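Below is one structure, written out as structure tokens; comments come after it.
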Amino acid sequence: MIDKRKNIADIYPLSPLQEGILFHTLLSPHSGVYQPQVCLTLVGSLDISRFKQAWETIIARHQLFRVSFHWEKRDRPFQAVYRQVNLPWEEQDWRDISLDKQEQKLAEFLEVDRKRDFDLKNPPQMRLTLIHCPDNRYYFLWTQHHLIIDGWSSGLVVKEVFQAYNGKIELSYTRPYGDYIGWLKQQDKTTAKAFWKKELTGFTTPTNWGIENNKPILPENISQAEQEICLSENITTNLKSLAQQQEITLNTLIRGALGLLISYYSGEQDIVFGATCSGRAGTLEGLNSMVGLFINTLPVRIKVPPQQNLVSWLKELQTQQGKTSQYEYVSLLEIQENSDLATGTSLFDTILVFENYPVDLSVAQTTQSLTIDSVKSTEWTSLPLTILVAGTRELSIKIKYHCHRFSDGDIDRLLNNFQNILTKIIENPKQQLWELSENIGNAESTGNVEILDSLLPQLFEKQVEKTPDNIAVIFEEESLTYEKLNKKANQVAHHLQKLGVKPETLVGICLQRSLEIVIAILAILKVGGAYVPIDPTYPLERINFILEDAQISILLTNQDFPNCPFKTLINLQTNYFQSYPEQNTNPTPELSLDNSIYALYTSGSTGNPKAVINTHRGLLNRLNWMQKAYELTPDDRVLQKTPYTFDVSVWEFLWTLLNGACLVIAKPDGHQDSAYLASLIIEQNITTVHFVPSMLQVFLEEQKASQCNSLKRVICSGEALSVDLRNRFFQTIKAELNNLYGPTEAAIDVTACTCQTDDLSVPIGLPIDNIQVYVLNAQLQLLPVGVVGELYLGGEGLARGYLNKPDLTAENFVPNPFKAGARLYRTGDLVRYQEDGNVEYVGRIDNQVKIRGVRLELGEIEAILSQHPDIIACVVLAKEFAPGDRRLLAYIQTSQTEDISEELRQFLGERIPNYGIPSVFITLESFPLTNNGKLNTKALLALNYSSKKEIISPRNETETAIMEIWKEILKVDNLSIDDNFFELGGNSLIATRVNSRLRQSFSLDLPLRTLFEKPTIASLAQRIDVIQLSVQPAATPIDSTKQRNEIEI
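For the sequence shown, the positions run 60 to 1108 when our numbering is used.
Okay, here's the thing in structure tokens:
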């Protein structure tokens, strides 16, 4: 038996990349990451004894095959080189397994073998497996830990093994890996760190593809997959020729193409991804023939100015690459610590591996009696996305990805778009950068249906002829038949005609909810005018502004307005129809589809409202679609409860009356009274009703909501509809739920979705008839499925623009780059296309926030938080307490009486990154709403909340012990048990040291990932206490003999 201490030949530190790989290995045991496999299929006569001897020769030749790794009880890990190790040889006999079953069995064997962890404290960190197959065939599997070798070295080793096997060439001297470690120690780290700090200055937000699912998952539960495409020989040749002509490397060209692709997906013009470098560019003599781990992974920062010429840009990248190669010996951890990113935030999640190894494994020297039939090599890293480019005659692009982060469809499209960009580079190298990614997406959708020539007043009058005696409208104790409603509207219409109202005349309406509102709207439309609704509860100053801004000379009302700037006031009180006995025949104005139909005032960024002018064409298209989709009949009853200053009211009024149904009008302010609404629905047998999601949330809490059995359909719009609210709806009401989306600038709604109980999300649906939906980036380029972009709308529903605001109209209604002479409306909403063609709402552009340098979408956090079973409703907002101190606040309604903040933090921590967890959870009985039933976020932010952080002292021995360890290693005082390890300056290397101390202090086999899952003292202490309680009293004691045999320096 070899004496362990005498068997040690040398001890030296780890290289920068070794430290990173060691950390990820300890963080993710049994995951198989960083354990590459090379599988050779050998055919012929194999001398097994000679083959084993060849491997023993190589193990003796190279130090890295004889090292162990040690990290506990030390500030920095080290590796020990042994003089001798046993050959890690295994054999299996598959000669009785048929050829057609061997391939599946090999795949299963490789997967199991990859997840067999190495004992890092005992060498060698590799194993060799020979599998006997029928007909003189063998599978030879070489499994290694990436700690000891890289891909370049693997090729050298296989070549050397077969040279030794054949006995033809005497192997030359090779320098030991320790020489490389010594060379690293001599390098000027100060200059190198200064270079990388300058290189990354100003980069504060990691680049995301925009298609990721960021839900955290335990390392052992990560499943991985890969997809690959091969570029044709013609494309490969042309890429190489282009690189040669422009005096750049093929590697630079591939990096540039990837940079364009990431920029296109992410919408960023300043991006960073990772790339491997050989690590052999140093001045150490004999470096290229050495075996070990030399590669390093470094950040590649690329700026993508859209107007720059491609060739000049690629040459700049080449120059930049030359500069960074001088400092490629610095560890990624050290580079990241010198960057502007927040502590604990990764520089990148994507890595490019351009495989240009000096030896092709498939051409390793063999003999006539033994050949290598095929070579298969696999490796998984801890990063979610790895792009490997390799090949000679035909380049292959392989993407390895974590399945919980990316779907198969996402990767398939990404590969195709990568190839599209490379093809465009070949076709025209002189083009500008923005042109290379133009229209490689496919995210436009439309449906075209002919619009009827009949105008809205005519359609209503035709319905009057069909159902003259049917009840058209009910308000409390009053009602009107279709015929009576038409006559009253005609009386007012003829009055308006005498006053000069004609097409394009704006007529004001200032009425409380009543029968007169319906009469007034119909009257204005009948003579071709456009109505301007004004809420009588508005402050007089706002009413005056609207009257002046719209230059309204005629106002229909039932109250007095002293000193208001209009010429004529028509008071629609009860005696009006006796006082003005006008004709009650249908007027016949000269009206067209392109005339304005209404002007609705919406909030303006200047503090004053702005009016959106919509046309008959847009509204008629919207109402025609709605009838085709939902088919109202004379038996239906529609509840009109939306304030008529909001666009939903337009379809409540007109869709109902154009199709013979009965319109039931809620009392003034009744739209905010859920008990009243439930009673009204039951009493009036309402079949169709609209709710803003915030109000639907309140309505479902009403006891009578479940008794609204007459409801056939509920329509939601105005806010995002959450999965939780959808589920609660179906649990309470047995009706169809439809989610609609649309801005006032596009005739109410442009997309629609019928909700299903089993859908994972609630999309805003598919475009309605004659509407085009575009998901675009900042350069107005189409984006692929899954990528978040701004929603642009085109088609028949677009409004004319903003009243008296040509500059604002030009800013928001832009030329359609996909259709000459047409316009697009930019919504300011962030959306993405789902694979089934539905559009998913993500949030507002102005609702994105940055916390600790990371861009967050508040709607995503709300959606996940709402999945907690105790959450009834939630809102997440960002509030700045001091310059640079912006925090997330979660406002919640819960079904629990006690505080569940810690439970919610844990719930979110299992689903989203730590930086997305709100700092504070504020419990409310109800949320403040605006007058139209939408959430009042300003009122939420105005709630009193103390921002001063409270220091919470340890409450037990476990918390005290952890705090002392943190203070010592992190060099900080005044800790609180709710402080976050990574916010205090912790990183992966420090985490390894802390974990080692925790294991010693508590005598526990504590996984490294525990600190990442429980990054506060309180949560970590709780986890340690649980683990200690689960340890059986009869557990095997620590072997003191084994302890004494541990290597010490």
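C-beta atoms are modelled at their ideal positions from N, C-alpha and C, and glycine is treated no differently. Predicted model, so just to flag it, every value in this text is computed and none were measured.
Item                                                                                                                                        : Value
Work out the CA separation of residue 836 and residue 103 for me, nearest whole Å.                                                          : 58 Å
Distance, Cα to Cα, residue 578 vs residue 697?                                                                                             : 17 Å
Have a look at residue 552 and residue 800 and give me their C-alpha separation to the nearest angstrom.                                    : 33 Å
Would residue 525 be called buried (16 or more neighbouring beta carbons within 10 Å of its own) or exposed?                                : exposed
By the 10 Å Cβ neighbour count, where 16 or more other Cβ atoms means buried, how is residue 338 classified, buried or exposed?             : buried
Taking the alpha carbon of residue 238 as the point to measure from, which residue in 701, 348, 225, 318 has its own alpha carbon closest?  : 348
Residue range of the alpha helix (DSSP H) that residue 712 falls in?                                                                        : 707-717
Quick check on the DSSP output: the alpha helix (DSSP H) that includes residue 107 runs from which residue to which?                        : 107-120
Using the C-alpha atoms, what's the distance from residue 1002 back to residue 449?                                                         : 58 Å
Can you tell me the Cα-Cα spacing of residue 912 and residue 259, whole angstroms?                                                          : Here residue 912 scores only 48 on pLDDT, less than 50, and its place in the model is too uncertain to base an answer on.
Identify the continuous alpha helix (DSSP H) that holds residue 685 and give its terminal residues.                                         : 675-689
Terminal residues of the continuous beta strand (DSSP E) containing residue 355?                                                            : 355-362
Beta carbon of residue 797, beta carbon of residue 772: below 8 Å?                                                                          : yes
Report the option in 574, 879, 262 whose CA atom is closest to the CA atom of residue 536.                                                  : 574
Hey, could you find the ends of the beta strand (DSSP E) residue 534 is sitting in?                                                         : 530-534
Quick one: give me the first and last residue of the beta strand (DSSP E) that residue 102 is part of.                                      : 96-103
Of all the options 931, 1034, 962, which has the alpha carbon lying nearest to the alpha carbon of residue 984?                             : 931
Verify whether the separation of the beta carbon atoms of residue 55 and residue 677 is less than 8 Å.                                      : Given a span of 60 to 1108 for the chain in the structure shown, any question on residue 55 remains unanswerable.
When you compare each of 870, 202, 538, 393 to residue 254 by their alpha carbons, which one comes out closest?                             : 393
Between the segment 137-153 and the segment 467-487, can you find at least three pairs of beta-carbon atoms closer than 8 Å?                : no
Rounded to whole angstroms, what is the Cα-Cα separation between residue 863 and residue 607?                                               : 11 Å
Identify every residue that forms a DSSP beta bridge with residue 69.                                                                       : 140
Distance check for residue 1084 and residue 1066, CA to CA, integer angstroms please.                                                       : 14 Å
Going by beta-carbon coordinates alone, are residue 236 and residue 123 separated by less than 8 Å?                                         : yes
Suppose only complete runs of 4+ residues qualify. What are the alpha helix (DSSP H) ranges in the segment 173-222, listed by chain order?  : none
Could you give the residue range of the alpha helix (DSSP H) that holds residue 553?                                                        : 541-557
Quick check: residue 810 and residue 827, are their CB atoms within less than 8 Å of each other?                                            : yes
Helix, strand or coil for residue 265 per DSSP?                                                                                             : coil
Please classify residue 79: does DSSP put it in a helix, a strand, or coil?                                                                 : helix
If we ignore side chains and look at the alpha-carbon of each, how far apart do residue 805 and residue 869 end up?                         : 15 Å
Give me the residue from 204, 381, 163, 661 with the minimum Cα distance to residue 180.                                                    : 204
If you draw a straight line from the alpha carbon of residue 1118 to that of residue 1033, how long is it in whole angstroms?               : One cannot answer for residue 1118 here, as it falls past the ends of the chain, which runs 60 to 1108.
Relative to the C-alpha of residue 133, which residue among 1076, 1050, 1088 is closest?                                                    : 1050
Once you ignore the five residues that flank residue 362 on each side, which residues in its own chain have a CB closer than 7 Å to its CB? : 328, 329
Compare the beta carbon distance of residue 409 and residue 446 with 8 Å and say whether it is the shorter of the two.                      : yes
So, helix, strand or coil for residue 242, using DSSP?                                                                                      : helix
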